[in-house]
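**Q** Residue numbers (this note's numbering), protein chains in the order written: chain A, 6 to 269; chain B, 1357 to 1786.
Where a beta carbon is used, it is the ideal one built from N, C-alpha and C, also for glycine.
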Amino acid sequence: MKLEVDGKAAYAYTANHDIDPAKRSVVFIHGAGLDHSSFGLQSRYFGYHGWNVLALDLPGHGRSAGPALKSVPAMADWVVRLLDAAKIAQASLVGHSMGTLVCVDCAARHASRVGRVALVATAYPMKVSDAFLGAAERNEYSAFDMSTIWGHAPQVPLGGNPNPGMWMYGDTQARLERLAPGVLHGDLKAVNDYVFPGGVKCPALFILGRRDVMTPVRAAKALQDAIPGAKSVVIDYSGHSLMAEAPDATLDALIGFLNSGTEP
Amino acid sequence: MAGPKYPGFDTLALHAGQSPDPATGSRAVPIYQTTSYVFRDTEHAASLFNMERAGHVYSRISNPTVAVLEERVAALEGGVGAIATASGQAALHLAVATLMGAGSHIVASGSLYGGSHNLLAYTLKRFGIETTFINPRNLDDWKRSIRPNTRLLFSETLGNPGLDVLDIDSVAGIAHDAKLPLMVDATFTTPYLLKPFAHGADLLYHSATKFLGGHGVAIGGVLVDSGRFDWEASGKFDTLTAPYSGFHNMDFEEESGTRAFLLRARREGLRDFGACMAPMTAFQILQGVETLHLRMPRHVESTRKVVAFLAQHPAVSKVIYPELPDHPDFSLSKKLLPLGAGAVFSFEIKGGRPAGKAFIESLRIFSHLANVGDAKSLVIHPATTTHYRMTDEDLKKAGITAGTVRLSIGLEDAQDLIDDLDRSLKISQK
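Here it is in structure tokens:
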């Protein structure tokens, strides 16, 4: 779906369905340097199972016009304006990595717009190594290498992709190579600098990968402790890219969590 | 923290795409000799059909054994994924059928395998897809031949049988300036000798029958997508960027971005044309891929010895191999193919057709057959076999004469091969 936010083109995948005011809505928010297609299977499922789906491309990513936003709060505010453009009063949010911080920031500062939040692969603080930040700032390919290799469980290059015939490393590299210079660095700096204001009251689910080396399970604890009643699912064999590495387990966790709610 | 490191080529050749079988612990890739897969329940079935969950439905579309080969070749090539097909020809057809329909146009090298030439020159023409064949060394020809309805630039990495080395970087640049993809047939080079995606190619395929398998027991192809071509930005590929009524109005690029081409190729091309790879074939080709990094250096080493022998033989008027200084692509070969220009090459025997006939019929180790890239050394006379449907003019463009003999150097003792050639050349000149 093509929308306009702040006078610029904004894009959200809707699984080929129009927005129906009678349906509940879920927004998928991608991670650093990625786009809506990272939630391909999961967003498609909800679109065909009674939900309005907006799997968005943040500004400067995928099909949404740039420039990319420089901070997590700016991204969260933009998501709210995207909901306005789509005429959606309230939605549940599903984020991955950087997208998880956008989710919690939205839930903290725009509580009335957020039903529940599902946080796939998260950490707080989400500190990025100087080497990674520096390589991204210099637009060096090694930043893509770090994102690709650390972004998957160690067994990924030697194991099978649940999606037949696909090579996860190659797919991640190809997506990153489509970014305009500086976008990955902007994303990484945004998460590195993010300060969580607290105050999230809505139901929250953490979906974490036991083999995640980028946002290890233990690194989510501060955020888990800060959200009362938050629940967690840890997927044993997955790394950071849970939607690709463990698509069914991730989807099942989302189905259980989102369908258990009664929010509009 | 140590910097990130990718597994090496040799490791990927042995492991990529496969975890030990979760059901049995089998270390070797199991042969899933099944047509279909039991659904957990009706909801699971519906989700698989509607692409909401990953998995297998029917082995024409995907199969666990075949998927290992696909992922492994994609890993070795640095692509986003791959689709294994019934043959290399099926891979070429799948690519073309995924990208275009009637009224489209292809610019292709004139130095193609005869079967590829047939498909483009005759068969696809019958379905409304025209091809302009050009000299792959002439960059202006590539540029000049692009029309508004052109949808693909296509060549072999090493032309057949003249071994024209494709200047991939330059031709890819021409293609991209025109918002078109470049596809290469990388059969002769394999990912061990050349990585076309690193030079700008967008799509590639192999006749896996050749070096990937290496044993001459299985026919197959593998089509690989780099995932780097932006179909949406090009604006020329409705098959990938417009709603497809054959799949719930799916816009493949919107749905999957970098995976759009493979998604449509699998969900339409395999579904409807059905030229899939059998699981046993995938298993057999995997056995070859696991030793590709050991075999290719030996192929090249023996080829160099045979080429050096033939180049000084009095019965040979010309040897066509890119590593020879008189080859037009000598410099390009050194740049693109530092590990070797492959193990298939041609030479001109003195005495024309009668000498060629006597030579081929005198060989004892070399097998006279229509294949290349086998562990066993092979020989063929292109003008009367692989390229026999081509006109004299097209043959000339492809660098083939009545005296052209093509060799594929295998893994036998190199001196035995040289002795076999020497004896047969002497007989040919009597």
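#1: Tell me whether Phe1701(B) sits in a helix, a strand or coil according to DSSP, three-state version.
#2: For the segment 32-50 of chain A, which residues have a CB atom closer than 7 Å to at least one CB atom of chain B, in sequence order?
#3: For Glu250(A), return the contacting residues in chain B, with the cut-off set at a CB-CB distance below 9 Å.
#4: Based on the DSSP secondary-structure assignment, which residues constitute the bridge partners of Lys4(A)?
#5: At 3 residues or longer, what runs of the beta strand (DSSP E) sit wholly inside the segment 115-165 of chain A?
#6: Give a yes or no on whether 8 Å exceeds the smallest Cβ distance from Tyr1303(B) to chain A.
#7: Compare the C-alpha of Leu1374(B) against each of Ala1402(B), Ala1430(B) and Arg1409(B) and name the closest.
#8: Relative to the alpha-carbon of Cys111(A), which residue among Cys207(A), Pro167(A) and Ser43(A) has its alpha-carbon at the smallest distance?
#9: Would you kindly work out how many angstroms separate the C-alpha atoms of Ala73(A) and Leu1650(B), rounded to a whole number?
#10: Any Cβ of chain B within less than 8 Å of the Cβ of Gly214(A)?
#11: List, in chain order, every chain B residue whose beta-carbon is nearer than 9 Å to that of Asn21(A).
#12: Taking C-beta to C-beta, are Asp189(A) and Ser152(A) nearer than 8 Å?
#13: Tell me where the beta strand (DSSP E) around Trp56(A) begins and ends.
#14: Take Pro1378(B) and list the residues in its own chain whose beta-carbon comes closer than 8 Å to its own, dropping the five residues that flank it on each side.
#15: Rounded to whole angstroms, what's the CA-CA distance from Trp155(A) to Leu98(A)? Just pull it up for me.
#16: In chain order, which beta strand (DSSP E) runs of at least 3 residues are fully inside the segment 1542-1615 of chain B?
#17: Assign His41(A) to one of three DSSP states: helix, strand, or coil.
#18: Taking the beta strand (DSSP E) that Glu1426(B) belongs to, which residues open and close that run?
#19: Considering only C-alpha positions, which residue in the set Leu1425(B), Thr1380(B), Ser1733(B) and Ile1774(B) is nearest to Gly1576(B)?
#20: Report the partner residues of Thr1398(B) according to the DSSP bridge assignment.
#21: Strictly by DSSP, which residues pair up with Arg1762(B)?
#22: Below 8 Å CB to CB, which residues in the same chain sit around Ala1726(B) once its five sequence neighbours on both sides are set aside?
#23: Using a Cβ-Cβ distance cut-off of 8 Å, determine whether Met1357(B) contacts chain A.
#24: Below 9 Å on C-beta distance, what does Glu145(A) contact in chain B?
#25: Which bits of chain A does Ile1439(B) rub up against, with CB to CB less than 8 Å?
#26: Determine the DSSP secondary structure at Met1636(B), reduced to helix, strand or coil.
#27: Whole angstroms is fine: what's the gap from Leu1450(B)'s alpha carbon to Ala1440(B)'s?
#28: Taking contact to mean 3 or more Cβ pairs, one atom from each stretch, closer than 8 Å, check whether the segment 245-256 of chain A and the segment 164-175 of chain A are in contact.
#29: Rounded to whole angstroms, what is the Cα-Cα separation between His1555(B) and Pro1678(B)?
#30: Quick one: what does DSSP say Ile1417(B) is sitting in, helix, strand or coil?
#31: Does the distance from the C-beta atom of Ile1502(B) to that of Val1463(B) stay below 8 Å?
#32: Using only the alpha-carbon positions, how far apart do Ala1446(B) and Ala1631(B) sit?
#33: Are any of the Cβ atoms in chain A nearer than 8 Å to that of Thr1614(B)?
#34: DSSP state of Lys1661(B), grouped into three classes?
**A** From the atom records:
#1: Numbered from its first residue, the second sequence carries residue 1701(B) at position 345. Phe1701(B) falls in the strand class under three-state DSSP.
#2: Taking 7 Å as the Cβ-Cβ cut-off against chain B, the residues of the segment 32-50 of chain A that qualify are Asp40, Ser42, Gly45, Leu46, Arg49 and Tyr50.
#3: The sequence position of residue 250(A) within the first sequence is 245, counting from 1. Ordered by position in chain B, no residue passes the 9 Å Cβ test against Glu250(A), which lies about 10 Å from the chain.
#4: Chain A is shown from 6 up to 269; residue 4(A) falls before or after that span and cannot be answered.
#5: 119-125
#6: Absent from the structure is residue 1303(B), since the part of chain B shown begins at 1357 and ends at 1786.
#7: If you number the second sequence from 1, residue 1374(B) lands on position 18. At residue 1374(B) the sequence reads Gln, which differs from the Leu that was named. Checked all of Ala1402(B), Ala1430(B) and Arg1409(B); the closest Cα to Gln1374(B) is Ala1430(B).
#8: On the first sequence, residue 111(A) is found 106 positions in, with the first residue counted as 1. Among Cys207(A), Pro167(A) and Ser43(A), the Cα nearest to that of Cys111(A) is on Cys207(A).
#9: Mapped onto the first sequence, residue 73(A) falls at position 68. Mapped onto the second sequence, residue 1650(B) falls at position 294. Note on geometry: alpha-carbon atoms of Ala73(A) and Leu1650(B) lie some 47 Å from one another.
#10: Residue mapping note: residue 214(A) aligns to position 209 of the first sequence, counting from 1. No, its Cβ sits nowhere closer than 8 Å to a Cβ of chain B.
#11: By 1-based counting over the first sequence, the position of residue 21(A) is 16. Per Cβ cutoff of 9 Å: Pro1599, His1604, Asn1605, Met1606, Asp1607, Glu1610 and Glu1611.
#12: Reading the first sequence from its first residue, position 184 is the one you call residue 189(A). Reading the first sequence from its first residue, position 147 is the one you call residue 152(A). One detail in the question is off: residue 189(A) reads as Leu in this sequence, not Asp. Yes, they are a contact pair.
#13: Taking the first sequence and counting its residues from 1, the one referred to as residue 56(A) is at position 51. That run of the beta strand (DSSP E) goes Trp56 to Asp62.
#14: To locate residue 1378(B), count along the second sequence from 1; it is residue 22. Around Pro1378(B): no qualifying Cβ.
#15: Translated into the one-based positions of the first sequence, residue 155(A) becomes position 150. Translated into the one-based positions of the first sequence, residue 98(A) becomes position 93. So the alpha carbons of these two residues sit roughly 25 Å apart.
#16: Under the rule that a run must span 3 or more residues, the beta strand (DSSP E) segments found entirely inside the segment 1542-1615 of chain B read 1559-1563 and 1577-1581.
#17: Numbered from 1 along the first sequence, position 36 holds the residue referred to as residue 41(A). DSSP places His41(A) in helix when its eight states are reduced to three.
#18: As a working mapping, residue 1426(B) is identified with position 70 in the second sequence. That residue, Glu1426(B), is in no beta strand (DSSP E); its alpha helix (DSSP H) goes Pro1420 to Glu1433.
#19: What you label residue 1576(B) is simply residue 220 of the second sequence in a count that begins at 1. Nearest in C-alpha terms to Gly1576(B), of all of Leu1425(B), Thr1380(B), Ser1733(B) and Ile1774(B), is Leu1425(B).
#20: Numbered from 1 along the second sequence, position 42 holds the residue referred to as residue 1398(B). For Thr1398(B), which the question treats as bridged, DSSP gives no partner whatsoever.
#21: Numbered from 1 along the second sequence, position 406 holds the residue referred to as residue 1762(B). Arg1762(B) is bridged to Ser1702(B) and Ile1736(B).
#22: By one-based count along the second sequence, residue 1726(B) stands at place 370. These residues qualify, in order along the chain: Ile1736, Thr1741 and Thr1742.
#23: In the second sequence, residue 1357(B) corresponds to position 1, counting from 1. In this prediction, Met1357(B) scores a pLDDT of 46, lower than 50, which makes its location untrustworthy; the coordinate-derived value is nonetheless stated afterwards. For Met1357(B), the answer is yes, since a Cβ of chain A falls inside 8 Å of its Cβ.
#24: The residue given as residue 145(A) occupies position 140 in the first sequence. Simply none; closest approach about 11 Å.
#25: Here residue 1439(B) corresponds to residue number 83 of the second sequence, with the count starting at 1. Ordered by position in chain A, the residues that pass the 8 Å Cβ test against Ile1439(B) are Gly170.
#26: Walking along the second sequence from the start, residue 1636(B) turns up at place 280. Reduced to three states, the DSSP call for Met1636(B) is helix.
#27: Counting from 1 along the second sequence, the entry for residue 1450(B) is found at position 94. Counting from 1 along the second sequence, the entry for residue 1440(B) is found at position 84. Using only the alpha carbons, I get a separation of about 10 Å.
#28: yes
#29: Your numbering for residue 1555(B) matches position 199 in the second sequence. Your numbering for residue 1678(B) matches position 322 in the second sequence. Their backbone Cα atoms lie some 18 Å apart in a straight line.
#30: What you label residue 1417(B) is simply residue 61 of the second sequence in a count that begins at 1. Looking at Ile1417(B) - three-state DSSP - the assignment turns out to be coil, as it is neither helix nor strand.
#31: Here the question's residue 1502(B) lines up with position 146 in the second sequence. Here the question's residue 1463(B) lines up with position 107 in the second sequence. Closer than 8 Å, so yes.
#32: Taking the second sequence and counting its residues from 1, one reaches residue 1446(B) at position 90. Taking the second sequence and counting its residues from 1, one reaches residue 1631(B) at position 275. Rounded to whole angstroms, Ala1446(B) and Ala1631(B) show a C-alpha spacing of 6 Å.
#33: The sequence position of residue 1614(B) within the second sequence is 258, counting from 1. Among the CB atoms of chain A, one or more fall inside 8 Å of the CB of Thr1614(B).
#34: Numbered from its first residue, the second sequence carries residue 1661(B) at position 305. Looking at Lys1661(B) - three-state DSSP - the assignment turns out to be helix.
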